[in-house]
Structure formats: C-alpha cells, structure tokens
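Notes follow once the structure below has been shown.
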Amino acid sequence: MYRVSAFAFALVIAPASAFSDAVPSEEAAEGLFLEQPYSPYAQRSFPERPLWGDTHLHTGLSLDAGAFGNTLLPDDAWRFAKGEQVISSTGQPVRLARPLDWMVLTDHTDLMGFAPDLQAGKPGVISDPKGLEWYEGYKAGGEEAGKTAFDIITNFSQMTLPEILLESYSPGADAFAFTWEHIVLAAERHNDPGNFTAFIGFEWTSVPKGFNLHRNVMLRDGPIRALQMVPPVTQPPYGDTDPKSLYAWLEEYQEKTGGRAVAFAHNGNLSNGWMFPTEDTYHGGKVDEEYVAARAKWEPHYEVTQIKGDGEAHPFLSPDDEFADYENWDVGNLDITELKTEDMLAGEYAREALKRGLMLEEKFGVNPYKFGMGGATDSHTSLATAEEDNFFGKSVSVEPSVSRIKHPFIANDLGEIPGDLLVASGYTAVWATENTRAAIFDAFKRRETYATTGPRIGLRFFGGWDFSDADVETRFLANVGYTKGVPMGSDLRPREGDVAPSFLIAALRDPVGANLDRVQVVKGWLDSDGILQEKVYDVAWSDGRVADENGKVPAVGNTVDVETASWANTIGTAELVTVWSDPDFDPDARAFYYVRAIEIPTPRWILYDKLRFGAELPQDAVLTHQERAYSSPIWYTPAD
Amino acid sequence: MRILKEPLFHFFLIGAAIFVWFHIIAPDGEAVENLETIRVDEADVARLADQFEARWKRRPSEAELQALVDASIREEVLVREARKLGLDRGDSVIRSRLSQKMDFLTEAIATSVVPEDEELEAFLNRNPARYATSDKVAFTQIFLGEEPSEAQITTALNTLNAGQDVTVSNSSILLPASMPLTATRVIDSVFGAGFSKGLAEAQTGPWTGPIQSGYGVHLVQVLAFEPSRTPPLSEIRSDVLRDWRRAASEDLAQAQFESLVENYEIESPDLSGPDK
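First to last, the protein sequences are chains A and B.
Note that my numbering has the first sequence beginning at 1, numbered continuously upward.
Note that my numbering has the second sequence beginning at 1001, numbered continuously upward.
So this is what it looks like as structure tokens:
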C-alpha cells in the first residue's frame, strides 16, 4: 500500500517540480499583476466606441438604380460616406451631418454594369433593338424614363431580358468582370485602415415571384482575393435564386482564395413568409440538418431595419408589445403580386425568427437563426442617408422634392405602399477594437453589432451571473462588462444553482439627438411544453415614471412641434444604466435576450419636407415616431 | 490664363495633333464628299472576317464572307442616303455618340500623361486641405451634468488642479473618461459637434473648462495635442496623381471645348428675363 501511494504522489508532483526553477514566491507573484495598470490606456483590449456604418448601398452600377437615373458611381458613394459633399444625381448638393466609420457597397450582381452603359448608349447596349428602345426612353427623361426603368425591372423579374444583353452582363462576360474590378478597386482606393473601412461586397438579388430572398455579401479581404472570383447572380442560366447556390459560391470563395465572407438577408417583411422557414423552403427543399447548418454557417447577421420597413417585430405577432407597431410594411411581397396574409408574418420578422431558431436548435442541435442585428439604408442613390432631416430617399426618383411624398414606392391593382411610408433608416454600430476590415468583419462574425433606425445611440449589453447594482456606478463600464460577463451576440454558459442571469445594460443618447424614453429587454424562450414565448420588460426609464401592476411604464409624452419640425429634450434622459435580472428565469429553457432602447418622439422625415418645400402631407400620414436601437441577442442554452 | 501654362497647354497641343491625325486617317468612305463610289477594299474584307471570327471562333466561309460584304455595302448605302435626307440630325443617339467620342479622345490623352513631380507638388500646394491629416487630441474628462452652477464648476476645477479626485453624482457612465490621441472628427462623433474645438484651444497639462458637449458641461485635461499636417508628396504620391489626372482631364476637356467653340458664333435667347 505504502509503495503504491508513494508512486502516485510522485506522479502528481512530478510536473510541478519540473518547473520548480521558474516558480516565484507568492510575494513576488503578487507584484507581477498590478491591480490597476499605471497607463490608463493599457489593457484595453475591448472596443472603446461603436463604429458606425451602412451594410447596404447601391450606386449607378446597379441595374435598377442606374435605370432610375442614378449617375453616381462607387467613388462618389465612398466620398460621401467619408463625409465629403457631393452633387446628387438630381443636381442637389448633399453631405452627411457626420461621416460614417465604414461601409459595405452592395451593388446588385445581376446585370451589374449594364446601367451606366445604357446611360452612355454604349454600342453593346444599343446594338440590341430592346437596348436601343431603352436607351431612347432613358434619354427622353421624365415620365418616359420612368416607364423605361419599370420595363427593365419587369423584364428582369419575369426573366425575359434580351438574351444578348443578359449574356454581355453576366459572369463570363468581359463587361461583368470589369464592373466587378471597378467595384473592388474603388473600395481599395477608399479603404483607409484606422480611419475608414471600405468593404468589398455585393447584393445577390434573389426575388423569385416577387418574394424577397435577397442576401448581401461582405468580404473580409482586399483585391488580391476578391478578384480571383466574380460574384454570383440569380438569372438562369448564369445563376440560380436558391440560397443554396449562394452558399456554394461562398464555400468556393473561401476554398479557392483563402478569404472570408459572410452573407446576411434583409426585408423578410417582403418575402411573404419565406425568409425564415421552419418546414419547407421556397425552392422546394426541406429545412433539414443541411439547411440549418449552412444557414448558421453563412448568415451570422440580419439587416433588421431599413428604408423598406422595420422588421424587428409586428403587432400581430407581439400583441402585448405597444412599440411593435413601428414602420412596418405588411401589404404584400416586393412587387405586390401577392397580398400578405397573417399566417405569413411569423416567417418574416426578426424576433419571431430568433424564437423559431430556438425550436430548430432543439430539433437539429444547430440554430440557423442565431444572428446579430444591423441596420442599413439600402438606398439606391449612392447616398447613405438615414437621418430624418437629411433623407435623400430610396431612389433618385424620390430625392428631395416638393412632390416626392406623392410618389408611391409601388402601386398596382392589388395594393400600394405610399411614398410617405419610406423609412429614413438605418445604420449598424459595431463594437470592434480597430477600424479595419479584419476587426469589423470579425465583430460581425461574433455578432457584436447593433442596429439603429438612424440615430447614433450608444448601447452596451452584457450578460452574466454576477452583476450587481453596484456595477452601474462604475466609470469603466466596459471593463466590468467584459470581465464579469459576455457582450451582445454571445452565449451565456449555464451555471450550477438556481441563480437567475443578470445583465448590465447602458444606453446613451445620440450626442446631437433626442433623449431616451426607456430601455427594454426582449426575451424569447421555448417553454417546457415546446411552445415559443416572448416577453418585453421595461428595465430603465426616464422622468421617474411609475410602472403599472404589469410592469409597463406609461408613455413619455411628445414635445414635437409639427409646424417647425422640432422637439425639446425636456422629457426623457440622456443616459440609462441598469443591472437587470430575469425574474422569470427557467434554467431548463432555451432563451435569448436582446435590448431595445427607445428615443422620445421626434419628427419623421416628411415633416422636414413640409417645412422646407411646403410639401402637402396625406391626411393620415404618421408625423412623429420613436426611433430606436436593437442590440444583438445573448443566448442561453441549458446544460444537457 | 492658367490653362496656357505648362504642361496643360502641351497636352492641348498633343490633343490637337491627335484630332488632326484622326482627320487624316479617317476612311474615305466616311467622307461625305465622295458620295457616288462605294469601295470595299481588301483591308475592309479582312476586318469583316476578323470580326466574324472574334464572335464565332472560326473563319467565315466564302458564302458567309460574301453576305458580310453585301451587308456592309447595304449599310453604307443606307447610311449615305440617310445622311442626304438629314436623318442623322436631331437623333439623340447619334449626337450623343459623336460628342462622347470627342470626350473619349480628350480623356485618353489626360490619362496617358505622366506629370513631373514639380507639377504634382504644385497641385498638392494648391489643395493642401484635401490631404491634411486631422488634428489629434488625447484627453481626460469629467462630466458635470447638463447645467452645473458657476460655483460647482469652479470648485471642481480647483479640486482637480490640486491633484484630488472629484466625484460627480450624475456623471455619465458611457462617455469615455479619457481618449488616447484621437482625430477631432472622431471626438466630435462621440461628444457632439464642436467639442473638439474647445479641446484644441485648451492648454496641455492642467484641468480646464468648462467645455460644452452634446450632453452638457465638462472639465478636461488635455494630455497631448498633435496638430494637423500635410504629408510630403512622397507619402501620398499615388493619391495626388489620381486627383491631378482627374483635374487635368476636366481642364483639358474644358480647354478643348473653349478652343472649338471659338469657331462658332453662338446665338441663343436671353433667358434671364423676369419670367425666369
């Protein structure tokens, strides 16, 4: 017995004794790790400030943008994003109030580069009779040009484009390759690491039967990798509208170039239920292990708010959420060839998708809808404007004018989206340590991003098990957050015992914007009966209001003067900081938590049109709204 | 007359030479004077055959070649007759193609020129703001709330300059307490427009203030200030060259147009009347 134990003992101490020379005394070790480093800038490996950008912008190289008269090209778009003044396609000088820190330029790949050649009447276009007809229509201007643009888009969505034009501006053609090179090199010229990041990207424009399944793609890489491939399209025979074909391209890109890419969808609200399927995909496939794995791999992000509607929540899906009815577009699909029915909504909105993801994860072990949140403009003017008082519209045809509110976004026999419903939204904030392609891209991958509808609201969100009320007093909130918890976009690991998770939450209003009304936590979970649930908690608010018995805080009020399009920060507050613990925590239930920060009411963009142009507003137009920020979620998965 | 200075005037001369050269080598068939003869020579036939091959990846057969020649004769006849009838006038497609071709000529010249460094240096000196780096400031700040009283500000300032810490009950949590050397544009995007102006004017070292931000009143301690500078040409040569080319191309196009427009007497109605 003695011999055996001695042997075991020797085994245990052997590794330590091998290092004995290097083991310092306890006293010396204490001195090695200073509690507070002398230099206040040392040990700051966490991001200091959010980097603001737009993940979705079109230039005149995009088929529809160019056909509608956008003559600004990538150089103009980049210069504008960096804060320079440019002259818009309608001849108006325009400048951002504050420059962006980064942007992804995402021109449509289908018929990429056709539009500028059409505008110029290049021989490749006008040698085709249909091309000549469009060129003459475009040159005629006014209504004739509008009809022409519409004819081009119709031929695109019906897949009846002249074969020779399709061939000349699709993968395999020189014009297509040169346009891609133009996009890539322009991004490279404007990429200025540390100051401004210009991402190479594109939009893959899948819209079968008008159901919006678009995906944007952003590359982590520069020209050396990006130019080894041309981007994929959707028009047969050169491409396919099935997202699986995009995933295949992404696989090939990473394999062939050693680069990295992500894709992200937008406007589920115009997909008529096809954006976030749980059973069947639009293309006749099943939501199976292969589907969830590919979607989880390639789509870690979702564009939740933009000009074509806000897609966080819908009042039909979230009847108890008084803020869910915000800038929703729910008439039909993208071209209103099919009207919306209530059963479609669950496949369209981000909150519902996050819930469905929990259910699919239970089934397959992988959550296909585990995405971070972002906002974008999807503007087709080359101008990334998301501020209400500086909104240059969706396309060149609705750049500022006295009558733009009267132009419907779309109108046909089935329905209409009136022009005043365009949403001056949004931007994406990224918590990255550096303003470089690599750092920002990596933040997208770990979902450390949040969306806003335009204002630059500061938002920190950490989840953990040990946050206490004292933590809201700290002057180094990020230090505490990253040390004691995980940031937005992360997984909260389960912990033994019956303690509920706690969250450190802080929101700061835009330095030149409106005060904050309240900060909320949105929780979704899969209960023990397998039913998906959601609840919105008011967790911090202004003006000492008292919550009712259901925990709901009354409305903050409204200071907007509609005559002068102004408001006063006499209500609300500049900053809200709190530690919140989930009162309904069930350690056995899959759940996610995200933060929604809401501003006090401010004027919508149409009030500025009224003030500056004397524009006539429709009787029932919504004049004020409460802009907001959506954090990426923190997910909780129970231990097995 | 800047445009007469070196080297733009030289480009203009090159441009003029190229226009003359194009005039000389322009095919006879395109000349309007020679209406009655249509001559398709060996070179034309070879060109047709090459075009065919580029499209179909093989040489044309004899019958195909004959059809190509016939088609080009037919096109020539119709084009000449159309011109006689004046059908080319007022056609927006033809007109814009022609004016575009003239623009391409000037653009091609401008992009092929390699300027001397002195010319780029001069361009840089004329547009220093375009290349200047931003002012940078490193600082520490204390937020005193939206509307602190004079007394509060003075007390806090004296305490800080005596080397003691100040606790402010309503101090902001999310505003950074300090920033390392940071461009003023970035500082303003965090604290609101104009905040960095107050910083740039402050003395380095002691606590100063009050400085107004988008949130309220701050006291600041500027730790370092790095003024804006315009980098030497060697650091930014490719940027300057690109901008110089763009400017040269625009100047040349304008100079070219001005010299051509001198050959015309322009008559157009005066639109500056009271109706306008």
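The beta carbon of each residue, even a glycine, is placed where N, CA and C say it ideally should be.
Note down the Cα distance separating I1266 of chain B from D1251 of chain B, rounded to an integer number of angstroms.
On the second sequence, position 266 is the one that residue 1266 of chain B refers to. On the second sequence, position 251 is the one that residue 1251 of chain B refers to. Taking the straight line joining both Cα atoms gives about 22 Å.
Y1215 of chain B touches chain A at which residues, Cβ-Cβ below 7 Å?
In the second sequence, the residue the question calls residue 1215 of chain B occupies position 215. Within 7 Å Cβ-Cβ: P511, A574.
Quick check on DSSP: helix, strand or coil for E1265 of chain B?
By 1-based counting over the second sequence, the position of residue 1265 of chain B is 265. Note: E1265 of chain B maps to coil in three-state DSSP.
Using alpha carbons as the reference points, say which of A:P123, A:T154, A:L118, A:S168 lies closest to G137 of chain A.
By 1-based counting over the first sequence, the position of residue 137 of chain A is 137. It is A:L118 whose Cα lies nearest to the Cα of G137 of chain A.
Is D54 of chain A helix, strand or coil when you go by DSSP?
Here residue 54 of chain A refers to the residue found at position 54 when the first sequence is read from its first residue. Reduced to three states, the DSSP call for D54 of chain A is strand.
Inter-residue Cα distance where the pair is F1143 of chain B and V233 of chain A
Mapped onto the second sequence, residue 1143 of chain B falls at position 143. Mapped onto the first sequence, residue 233 of chain A falls at position 233. Distance between the alpha carbons of F1143 of chain B and V233 of chain A: 53 Å.
Look up M373 of chain A in the DSSP assignment and say whether it is helix, strand or coil.
Sequence index remark: in the first sequence, residue 373 of chain A carries index 373 (1-based). M373 of chain A falls in the strand class under three-state DSSP.
Are the CB atoms of F392 of chain A and V94 of chain A nearer to each other than 9 Å?
To locate residue 392 of chain A, count along the first sequence from 1; it is residue 392. To locate residue 94 of chain A, count along the first sequence from 1; it is residue 94. Taking 9 Å as the Cβ cut-off, F392 of chain A and V94 of chain A qualify as a contacting pair.
Could you check the C-alpha separation between Q626 of chain A and A1248 of chain B for me, to the nearest Å?
Within the first sequence, numbered from 1, the residue matching residue 626 of chain A stands at position 626. Within the second sequence, numbered from 1, the residue matching residue 1248 of chain B stands at position 248. Roughly 49 Å separates the two Cα atoms.
Supposed contact pair A432 of chain A and L51 of chain A - C-beta distance, whole angstroms, cut 8 Å:
In the first sequence, counting from the first residue as 1, residue 51 of chain A sits at position 51. In the first sequence, counting from the first residue as 1, residue 432 of chain A sits at position 432. That belief holds up - the Cβ atoms of L51 of chain A and A432 of chain A are roughly 6 Å apart, short of 8 Å.
For V156 of chain A, the nearest candidate out of A:A115, A:A177, A:F178 (CA to CA)
Stepping through the first sequence from its first residue, residue 156 of chain A is reached at position 156. The question names Val, but residue 156 of chain A in the sequence shown is Phe. When each option's Cα is compared against that of F156 of chain A, the closest is A:A115.
Just verifying my parser: in three-state terms, what is the DSSP assignment at H182 of chain A?
Within the first sequence, numbered from 1, the residue matching residue 182 of chain A stands at position 182. Three-state DSSP puts H182 of chain A in a helix.
Simplified DSSP state of T602 of chain A, which is helix, strand or coil:
Taking the first sequence and counting its residues from 1, the one referred to as residue 602 of chain A is at position 602. Note: T602 of chain A maps to strand in three-state DSSP.
Is any beta-carbon of chain C found at less than 9 Å from that of Q1254 of chain B?
The chain labelled as chain C is not found among the protein chains of the depicted structure, namely A and B.
For P1227 of chain B, does the count of other Cβ atoms within 10 angstroms reach 16, so buried, or fall short, so exposed?
Residue numbering aside, residue 1227 of chain B sits at position 227 when the second sequence is read from its first letter. Counting C-beta atoms within 10 angstroms of its own C-beta, P1227 of chain B has fewer than 16 neighbours from the protein chains shown and is therefore classed as exposed.
Ignoring anything shorter than 4 residues, give me the alpha helix (DSSP H) runs that lie fully in the stretch 162 to 220 of chain A, in order along the chain.
DSSP runs (the alpha helix (DSSP H)) wholly in the stretch 162 to 220 of chain A: 163 to 168, 174 to 190.
Does the distance from the CB of L1120 of chain B to the CB of L1160 of chain B come in under 9 Å?
One-based indexing of the second sequence puts residue 1120 of chain B at position 120. One-based indexing of the second sequence puts residue 1160 of chain B at position 160. At a Cβ-Cβ threshold of 9 Å, L1120 of chain B and L1160 of chain B do not count as neighbours.
By the criterion of Cβ-Cβ separation under 8 Å, what are the contact partners of V1190 of chain B in chain A?
Here residue 1190 of chain B corresponds to residue number 190 of the second sequence, with the count starting at 1. R49, P511, listed in chain order.
Against chain B, which members of the stretch 99 to 118 of chain A pass a CB distance test of less than 7 Å?
Cβ contacts with chain B: P99.
Let me know if R1229 of chain B comes out buried or exposed under the rule of 16 or more other beta-carbons within 10 Å of its beta-carbon.
As a first step, residue 1229 of chain B must be located in the second sequence, where it is residue number 229. Flag for R1229 of chain B reads exposed.
Since I believe S566 of chain A is in contact with Y594 of chain A (beta carbons under 8 Å), could you give me their beta-carbon distance rounded to a whole number of angstroms?
As a first step, residue 594 of chain A must be located in the first sequence, where it is residue number 594. As a first step, residue 566 of chain A must be located in the first sequence, where it is residue number 566. Not really, about 32 Å apart at Cβ, beyond 8 Å.
Write down the C-beta distance between M103 of chain A and F199 of chain A rounded to the nearest angstrom, noting that I regard them as a contact closer than 8 Å.
Here residue 103 of chain A refers to the residue found at position 103 of the first sequence. Here residue 199 of chain A refers to the residue found at position 199 of the first sequence. Rounded, the Cβ-Cβ distance is 7 Å, consistent with contact.
Using the C-alpha atoms, what's the distance from T106 of chain A back to I224 of chain A?
On the first sequence, residue 224 of chain A is found 224 positions in, with the first residue counted as 1. On the first sequence, residue 106 of chain A is found 106 positions in, with the first residue counted as 1. Cα to Cα, the separation comes out at about 19 Å.
Per-residue DSSP class, three states only, for E416 of chain A:
As a first step, residue 416 of chain A must be located in the first sequence, where it is residue number 416. E416 of chain A sits in a strand when the DSSP states are folded into three classes.
Does S528 of chain A come out as helix, strand or coil in the three-state DSSP assignment?
Translated into the one-based positions of the first sequence, residue 528 of chain A becomes position 528. Three-state DSSP puts S528 of chain A in coil, outside helix and strand.
Using a Cβ-Cβ cut-off of 8 Å (strictly less than) and excluding sequence neighbours within five positions of S89 of chain A, which residues of its own chain qualify?
Residue mapping note: residue 89 of chain A aligns to position 89 of the first sequence, counting from 1. Around S89 of chain A: G60, G69, N70, T71, L72, T381, S382, V396, E399.
Whole-angstrom distance between D76 of chain A and Q1066 of chain B, CA atom to CA atom
The residue labelled residue 1066 of chain B in the question sits at position 66 within the second sequence. The residue labelled residue 76 of chain A in the question sits at position 76 within the first sequence. Cα to Cα, the separation comes out at about 49 Å.
I need the straight-line Cα distance from I307 of chain A to A1200 of chain B, nearest angstrom please.
Taking the first sequence and counting its residues from 1, the one referred to as residue 307 of chain A is at position 307. Taking the second sequence and counting its residues from 1, the one referred to as residue 1200 of chain B is at position 200. Roughly 38 Å separates the two Cα atoms.
Rounded to whole angstroms, what is the Cα-Cα separation between G365 of chain A and A65 of chain A?
Counted from its first residue, the first sequence places residue 365 of chain A at position 365. Counted from its first residue, the first sequence places residue 65 of chain A at position 65. If I take the Cα positions, the gap works out to 42 Å.
W431 of chain A - DSSP class collapsed to helix/strand/coil:
The residue you call residue 431 of chain A lines up with position 431 of the first sequence. Reduced to three states, the DSSP call for W431 of chain A is coil.
Option nearest Y1131 of chain B by Cα separation, candidates B:P1232, B:P1180, B:F1257
Mapped onto the second sequence, residue 1131 of chain B falls at position 131. Here the closest residue by C-alpha is B:P1232.
For the beta strand (DSSP E) containing E575 of chain A, name the first residue and the last one.
Here residue 575 of chain A refers to the residue found at position 575 of the first sequence. Its beta strand (DSSP E) spans residues 575 to 581.
Does the CB of K139 of chain A have a neighbour CB from chain B at under 9 Å?
Taking the first residue of the first sequence as 1, we reach residue 139 of chain A at position 139. Cβ-Cβ to chain B under 9 Å: yes for K139 of chain A.
So if DSSP puts W635 of chain A in a beta bridge, which residue, or which two residues, is it bridged to?
In the first sequence, residue 635 of chain A corresponds to position 635, counting from 1. W635 of chain A is bridged to A:D491, A:F592.
Which of helix, strand or coil DSSP assigns to T305 of chain A:
The residue given as residue 305 of chain A occupies position 305 in the first sequence. T305 of chain A falls in the strand class under three-state DSSP.
Residue-chain proximity (V556 of chain A, chain B), Cβ-Cβ < 9 Å
By 1-based counting over the first sequence, the position of residue 556 of chain A is 556. Closer than 9 Å: no.
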